[in-house]
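Beneath this line is the structure, given in structure tokens, with notes to follow.
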Amino acid sequence: MMFPSISFSRLIPGPSTNESSAELTISACDVVSVRIRRRRRRRSDTNRILASSSTSSASSCTTPRPLVLLFVALTVFYLASKKIAPVHSLSAAKNIWINNSLQYYNRITRGAEHVQQSPTYLKSAMENYFAREKIKINKPEHAESIYRRLIKDEHTTHHAGAIAAAVVGVSGEEEEEEHECKFSNLAVPTLLLGLLLQREGRFNDARIVFEGFSHVLEEASIANGTLHIQKCSCCARVLQAHALFEMKHNNPLKAVELIILAVQMDKKLRPVLRWKLFKDAFVQYQSPEQRQHRRKLLVLKQQQSSSSLLVSPTTASAVVS
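In this text, residue positions in the sequence shown follow the UniProt record's numbering: the first is 1, and each later residue adds one.
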């Protein structure tokens, strides 16, 4: 593409006296290029001014933003560490805790109606669930202290109830009609404590806990003057756990006696008698020597029961005086 040329003429003085005219020619392309350079220079100046103004404004606006985010993060961390919650969320958390406690305790007691009707049902459910949560966060010693406190409280309650029954003169049959099973609140922490001690490898302590519960049941039957066994699924589960514990530690005869007593307290445990380890132990349990030994023990228990009946009025009068 060809651009037209523009001619300019001016007088240039020469060495001679004659003035000669010289012609300076500038093309249109040179004019356009000059204009383009000027425009580029203006644009660069404008962009530089805008960039400097935007940088200053952006720095003034965005400088506090990281500080705000840091303040929000620190606030959230502080509230989470202090477990500070609004009032409405506290009530919701309390309801969730109660529901979880009741579900957990109901699963352990297998939904026994006489347990749910107990006045201390909610208290026992929340304390046993609290001990479970301590085990989940790796604090078994705290859970053990909770279980032992519950067991101690129940022992105190049953001892006071036995003294009151002796004073009033309530017979064992009347107590059984009034309460289907009075050892449910004692059975649950005993079972959980025994299992916890086994997981920690403290087998002697676990045996002491299980044998203490069996001793309580035996004393209650002797105090009532009858060898009748109450129906209680919670107590049956403790005896089943004790039987399995004795079987693992090479005491098959003791395990068979405990599992038979557990089945008598809860008929739903009958399938346990068909387990191979108990079948083999039953063969030894049914031997003539063991039968004779059990007869002697039964006679001794009956004598203790009859003697307690004779002593009980005297004991009651002594308590009243």
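Built from N, CA and C at the ideal position, the CB exists for glycine as well. Given the structure is predicted, the values throughout are model-derived calculations rather than measurements.
query: Whole-angstrom distance between A236 and V272, CA atom to CA atom; result: 12 Å
query: CB-CB length for A255 against A281, believed under 8 Å; result: 6 Å
query: A73 burial status per 10 Å Cβ neighbour count (16 or more: buried); result: exposed
query: Contained alpha helix (DSSP H) runs [length at least 4] in the region 216-281, N- to C-terminal order; result: 233-248, 252-265
query: Whether N100 touches Y78 by CB criterion (8 Å); result: no
query: Beta-carbon proximity of Y147 to A125, cut-off 8 Å; result: no
query: Cα-Cα separation, N106 to T157; result: 22 Å
query: T190 burial status per 10 Å Cβ neighbour count (16 or more: buried); result: buried
query: Alpha-carbon to alpha-carbon, S214 and V283; result: 24 Å
query: Reduced DSSP secondary structure (H/G/I, E/B, other) of F210; result: helix
query: As assigned by DSSP and simplified to three states, the class of G201; result: coil
query: Between the CA atoms of K94 and L67 - distance to the nearest angstrom; result: 36 Å
query: Distance CB(F210)-CB(H249) smaller than 8 Å; result: no
query: Cβ shell of T63 (< 7 Å), same chain only, five flanking positions each side left out; result: Note on T63: pLDDT 48, under 50, position unreliable in the model; the coordinate value appears next. No residues qualify anywhere along the chain.
query: Cβ separation of Q286 and A262, assumed to be a contact under 8 Å, to the nearest whole Å; result: That belief does not hold up - the Cβ atoms of Q286 and A262 are roughly 18 Å apart, past 8 Å.
query: For N138, the three-state DSSP class (helix, strand or coil); result: coil
query: Classification of P252 by the beta-carbon crowding that lies within 10 angstroms, buried from 16 upward; result: buried
query: Nearest to E201 (by Cα), restricted to the options F245, D266, A92, T46; result: This sequence places Gly at residue 201; Glu is not what is there. Ranking the options by Cα distance to G201, first place goes to F245.
query: CB-CB length for E218 against L186, believed under 8 Å; result: That belief does not hold up - the Cβ atoms of E218 and L186 are roughly 14 Å apart, past 8 Å.
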